[in-house]
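Structure first, commentary second.
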Amino acid sequence: MDSTDLAIIGAGPAGLAAAATVAGTGASVVLLDEQPLPGGQIYRGVEMVQMLRPKTFGFFGPEFAAGADLAKALRGSAVDYRPGSVVWDVSPDLVLHYSRDGRSRGLAARHVLIASGALERPVPIPGWTLPGVMTVGALQILLKADALVPRVPAVLAGAGPLLLLLAVQYLRAGAPPTAIVETVPKDAYRRSARHLPQALRGWRSLLKGRGWMRELARAGVPWYRGCTGLRVEGGDRAEALAFDHDGGRRRIAADVIALHQGVVPNTQLTRLVGCAHDWDSGQRCFRPRLDAWQASTVEGIWVAGDGGGIAGAKAAEWQGRLAGLAIAGRLGRLDERDRDRQAAPLRTALARELAVRPLLDALYHPSPEVLCPADDVIVCRCEEVTAGRVREAVRLGCPGPNQAKSFLRCGMGPCQGRLCGLTVTEIIARERGLDPAEIGSYRIRPPLKPLPLAELAALDDEAEAPV
Amino acid sequence: MTAPDPAVGRAVATADVLVVGGGLHGCSAALHCARNGLSVIVVEKDTVGRHASGVNAGGVRRLGRAIAEIPLSLAAMEIWHRIADLVDDDCGFRPAPQIKVAETDTQMQALADRAAMLRDLGYAHETVLDRDELFRLLPAVSQHCVGGLASLGDGFADPYRTTAAFRRKAERLGVRVLEGCAALGVEVRQGGFRLRTAGGPLDGGILVNCGGAWAGAIAAQLGEPVPVEPIAPMMLVTSRLPPFCRAVVGAAGRPLSFKQMDNGTVVIGGGRRGTIDAGGNATRLRLGELAKTARTASEIFPIVGRAEIVRGWAGIEGRMPDDLPVIGPSSTTDGAYHAFGFSAHGFQLGPVVGSALADLIVGRRPDLPLAPFRIGRFSASIASTAPGGAPPPTDRCV
Chain D
16 MDSTDLAIIG
26 AGPAGLAAAA
36 TVAGTGASVV
46 LLDEQPLPGG
56 QIYRGVEMVQ
66 MLRPKTFGFF
76 GPEFAAGADL
86 AKALRGSAVD
96 YRPGSVVWDV
106 SPDLVLHYSR
116 DGRSRGLAAR
126 HVLIASGALE
136 RPVPIPGWTL
146 PGVMTVGALQ
156 ILLKADALVP
166 RVPAVLAGAG
176 PLLLLLAVQY
186 LRAGAPPTAI
196 VETVPKDAYR
206 RSARHLPQAL
216 RGWRSLLKGR
226 GWMRELARAG
236 VPWYRGCTGL
246 RVEGGDRAEA
256 LAFDHDGGRR
266 RIAADVIALH
276 QGVVPNTQLT
286 RLVGCAHDWD
296 SGQRCFRPRL
306 DAWQASTVEG
316 IWVAGDGGGI
326 AGAKAAEWQG
336 RLAGLAIAGR
346 LGRLDERDRD
356 RQAAPLRTAL
366 ARELAVRPLL
376 DALYHPSPEV
386 LCPADDVIVC
396 RCEEVTAGRV
406 REAVRLGCPG
416 PNQAKSFLRC
426 GMGPCQGRLC
436 GLTVTEIIAR
446 ERGLDPAEIG
456 SYRIRPPLKP
466 LPLAELAALD
476 DEAEAPV
Chain W
401 MTAPDPAVGR
411 AVATADVLVV
421 GGGLHGCSAA
431 LHCARNGLSV
441 IVVEKDTVGR
451 HASGVNAGGV
461 RRLGRAIAEI
471 PLSLAAMEIW
481 HRIADLVDDD
491 CGFRPAPQIK
501 VAETDTQMQA
511 LADRAAMLRD
521 LGYAHETVLD
531 RDELFRLLPA
541 VSQHCVGGLA
551 SLGDGFADPY
561 RTTAAFRRKA
571 ERLGVRVLEG
581 CAALGVEVRQ
591 GGFRLRTAGG
601 PLDGGILVNC
611 GGAWAGAIAA
621 QLGEPVPVEP
631 IAPMMLVTSR
641 LPPFCRAVVG
651 AAGRPLSFKQ
661 MDNGTVVIGG
671 GRRGTIDAGG
681 NATRLRLGEL
691 AKTARTASEI
701 FPIVGRAEIV
711 RGWAGIEGRM
721 PDDLPVIGPS
731 STTDGAYHAF
741 GFSAHGFQLG
751 PVVGSALADL
761 IVGRRPDLPL
771 APFRIGRFSA
781 SIASTAPGGA
791 PPPTDRCV
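In order, the protein sequences belong to chains D and W. FYI, in my numbering the residues of the first sequence are 16 to 482. FYI, in my numbering the residues of the second sequence are 401 to 798.
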């Protein structure tokens, strides 16, 4: 089996920063990423945009250029970069299995950095499974990767900075959204104000957000605030978004409806390996328990970036470098003093990035109807299990997500609960009157993502992990 | 049963019967004891059906049973075909042929010999399939297969749903099930037992040990240590495929258990084993071994080569050296009974073993031969620490 000092999963800002840091000390680094190009979601296809569509490069803002720098550093480094790799197992003894070009291979590592980022929080509202309903993140990927906007104007609904960013980008691209339907409660602005003094340390982010809001207002994009009771209407496909606003019911016709309720750490890998996780009540999600050097509770497994808790692209980069320094230290490539000296400015920068988070978490707290949807709403899309059936299972004595899985098959489909996991945990917690921390989450089993049976059948015996 | 719950009160809870282990056998024993008018408490260290009972392949199989198990298996099959009468739930049971496929003439001869031997013993449930009959029943089976052995009136069920149904029915009959309540030790007292548990002490006149892979600890405390080995048989499930197989299929020459569920997914197992974590309560898959299972499946059913694997898993089960379970009274202590070590083929026997235990407990003679399963059969080999003495391994297809 192939082996390396460090295996990194994910070539976003955290993975790229860590790769450059560790490879720079002479250690061997293998960087595995699902995408064909480096950059992760935030800097998706940054090299291609720069090369093929240089005029649109500035469109994504000066932050996007930071991605180009990270990608450039990768190309000039000794990192063994393997794009198009889907990691489908990581064992606690640090053996990875991944699929690339239709073949699965094993890789033994001395350290593993999980930098697999975030995923959008699922938005289970009535009608969210109809064709025509997408996520804001998906639309932004189409915009970044292929310069595509919907042929018909979209309604953007939900909450979070990404929602506003996409609205602004659509506006600048000449395809203003039909409306923004914001679910942030009206009093959230007032309630979150107490976080403002601390958030001012991250004033750049705040100014950016304020600029977006002004731009959208100037352009006259209809903006409904404090909306509740969102429902996608339609027969075979989405036709309209209905919602309660200012004491009345509104209905906006739309063929494309983009939903968003913020992003949450993708914990599938850290769950699979068996890392301890804590419930983050501010962000309503689980996050792996990490120390100040980004080490998880499993020896040799490190986590950097949004996969360890949502903090954004710059924070991911600083965390990636911090983890990289610590790993280089553990590999004997960096003495403690150098490690600490190089880490100090990173910690300062990281603290500045994190300063704005409590404000954002308070302001963009996911709406209750999304956290605990009504009985008739599908929560597990793979197996079409409704919230009502989860509640019924709890009444029959089902204590947690893993029993719900066995009762109902929720979380047993191809996504292995990536999409329904948090919702099922929240519903069971609410029904049982317990904290989600006590309820826990699905056990994750290999393969992490569907794997052709023929590919497993062809797996070399020598790929077997040492027992 | 008037004392307060041990989880909340200091007082000692009591019941006629204390069952250790909330798997299918524990829940079935509790259910049958309750039907006989006894008060019962079940203690389970995790949650009901957490291990082998909830995550096994769900085969409801008479085919290929060890001779000693056949009477139990036949009796259990009767119950399975009307399982809702017992537990008010159909347990996801689907009648389906169980077929063991022969890939060579030598294997075919061995299957025919087995069928002939069973006929001589008076059993008619296993029948030989020639090549044409095999392909009629399994149109998607690989062309190289030459025939098979079938038990046409068998089936499969949903293991977790089954265990949960037994538990719920038992609870409706008054049984108390304490989850997250590990048995820590047992003390033999006059007229019964005191069980120390994570939730406090419990007193009972009768003790039933259905602890599966963990049953050895209770047996040892009763002065009858047994060589029960924890194993973790692995399974895979694929994405949905169009219907192509309506039987549960095994192979004569290699480990395989293969079935397509109503929803189109294919569940593949067969007994290749994963590893058990140091803590003894969680499993890891051995991918090299799992690859062999995938190879076997795609060689016998080429259509699944195109399928995607959605998930693999393993459940912890207790295995005995002779692959026969331990069922019956303790050899050292009056009032104690065992049912464990089903060696990866206990699911089908669940409904009937609990019934036999309840018969023993109330002093009725069970109408099933339990002698081959007595716990005392290991005392010689334990005493001499020699691996010999136990009968040779029997067929242990899941």
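Glycine residues also receive a C-beta, built at the ideal position from the N, C-alpha and C atoms. Keep in mind that this is a model prediction, so the values were computed, not measured.
| Check | Outcome |
| --- | --- |
| Note the first and the last residue of the continuous alpha helix (DSSP H) segment covering glycine 436/D. | 436-447 |
| What does a CB cutoff of less than 8 Å around arginine 406/D pick up in its chain, not counting 5 residues either side in sequence? | Asp390, Ile442, Glu446 |
| Could you please give me the residues that DSSP links to serine 18/D through a beta bridge? | Ala123/D |
| Can you check DSSP and say which residues form a bridge with phenylalanine 740/W? | Val726/W |
| Quick one: is glycine 428/D near chain W, going by C-beta distance under 8 Å? | yes |
| Please confirm whether glutamate 479/D has its beta-carbon closer than 8 Å to some beta-carbon of chain W. | Because the pLDDT of glutamate 479/D is 49, which lies under 50, any placement of that residue in the model is unreliable, and the number read from its coordinates should be weighed accordingly. So yes, glutamate 479/D belongs to the interface. |
| Under the DSSP definition of a beta bridge, which residues are partnered with cysteine 300/D? | Asp295/D |
| Comparing the C-beta of alanine 707/W with each C-beta of chain D, is any distance below 8 Å? | yes |
| Please report the residue range of the beta strand (DSSP E) in which leucine 134/D lies. | 133-135 |
| For threonine 562/W, which residues in chain D fall below 9 Å Cβ to Cβ? | Near threonine 562/W there are no residues of chain D at all, since even the closest Cβ is about 11 Å away, more than 9 Å. |
| Check this for me: beta carbons of valine 236/D and proline 200/D, under 8 Å apart or not? | no |
| Closer than 9 Å between beta carbons: that is the criterion. Which residues of the region 678-700 of chain W meet it against chain D? | Ala682, Arg684, Leu685, Arg686, Leu687, Gly688, Glu689, Leu690, Ala691, Lys692, Thr693, Ala694, Arg695, Thr696, Ala697, Ser698, Glu699 |
| Closest Cβ-Cβ distance between threonine 447/W and chain D: below 8 Å? | yes |
| How big is the Cα-Cα spacing for arginine 513/W and leucine 418/W? | The question names arginine, but residue 513/W in the sequence shown is aspartate. Distance between the alpha carbons of aspartate 513/W and leucine 418/W: 44 Å. |
| Give the secondary structure of glutamine 418/D by DSSP, where H, G and I count as helix, E and B as strand, and everything else as coil. | helix |
| Helix, strand or coil for leucine 378/D per DSSP? | helix |
| Quick one: is serine 18/D near chain W, going by C-beta distance under 8 Å? | no |
| With a threshold of 16 other CB atoms inside 10 Å of the CB of aspartate 84/D, please say whether the residue is buried or exposed. | exposed |
| Would you please verify whether the beta carbon of glycine 612/W is less than 8 Å from any beta carbon of chain D? | no |
| Measure the alpha-carbon distance for threonine 282/D versus alanine 415/W and round it to whole angstroms. | 44 Å |
| Looking at chain W, which residues of the region 443-454 of chain D have a Cβ within less than 7 Å of any of its Cβ atoms? | none |
| Does the pairing of the region 435-446 of chain W with the region 571-582 of chain W give three or more beta-carbon distances under 8 Å? | yes |
| Answer yes if the region 554-568 of chain W comes into contact with the region 424-431 of chain W, meaning at least three C-beta pairs across the two stretches below 8 Å, and no otherwise. | yes |
| Report buried or exposed for serine 296/D, applying the criterion of at least 16 other Cβ atoms within 10 angstroms of its Cβ. | exposed |
| If the cut is a Cβ gap below 8 Å, which residues of chain W does serine 311/D touch? | The contacting residues do not exist; serine 311/D stays about 17 Å from chain W at best. |
| Can you grab the Cα-Cα spacing for the pair lysine 464/D / proline 429/D, in whole Å? | 7 Å |
| In angstroms with no decimal places, state the Cα-to-Cα distance between alanine 771/W and alanine 756/W. | 12 Å |
| Would you say cysteine 797/W lies against chain D (beta-carbon separation less than 8 Å)? | At cysteine 797/W, the pLDDT of 34 sits below 50, so the modelled position is not reliable; the number obtained from the coordinates is stated separately. Not closer than 8 Å to any Cβ of chain D, the Cβ of cysteine 797/W fails to qualify, so no. |
| Would you please state the rounded distance, in angstroms, between the beta carbons of serine 382/D and alanine 174/D? I believe it to be under 8 Å. | 7 Å |
| Using the C-alpha atoms, what's the distance from alanine 652/W back to alanine 326/D? | 56 Å |
| Which residues of the region 629-645 of chain W have a Cβ closer than 7 Å to any Cβ of chain D? Give them in chain order. | Thr638, Ser639 |
| Taking 8 Å as the CB-CB limit, is valine 482/D close to chain W? | Residue confidence is low: valine 482/D scores 40 on pLDDT, short of 50, so the model does not pin down where it sits. Its coordinate-derived value is still stated next. Cβ-Cβ to chain W under 8 Å: yes for valine 482/D. |
| Using the three-state DSSP reduction, which class does phenylalanine 658/W fall into: helix, strand or coil? | strand |
| Report, in whole angstroms, the separation of the C-beta atoms of isoleucine 156/D and arginine 59/D, which I expect to be a contact under 8 Å. | 6 Å |
| With 8 Å set as the bound, which would you pick, yes or no: does the beta-carbon of valine 704/W sit closer than that to a beta-carbon of chain A? | No chain A is part of this structure, whose protein chains are labelled D and W. |
| Should valine 710/W be flagged as near chain D, meaning a C-beta pair shorter than 8 Å? | yes |
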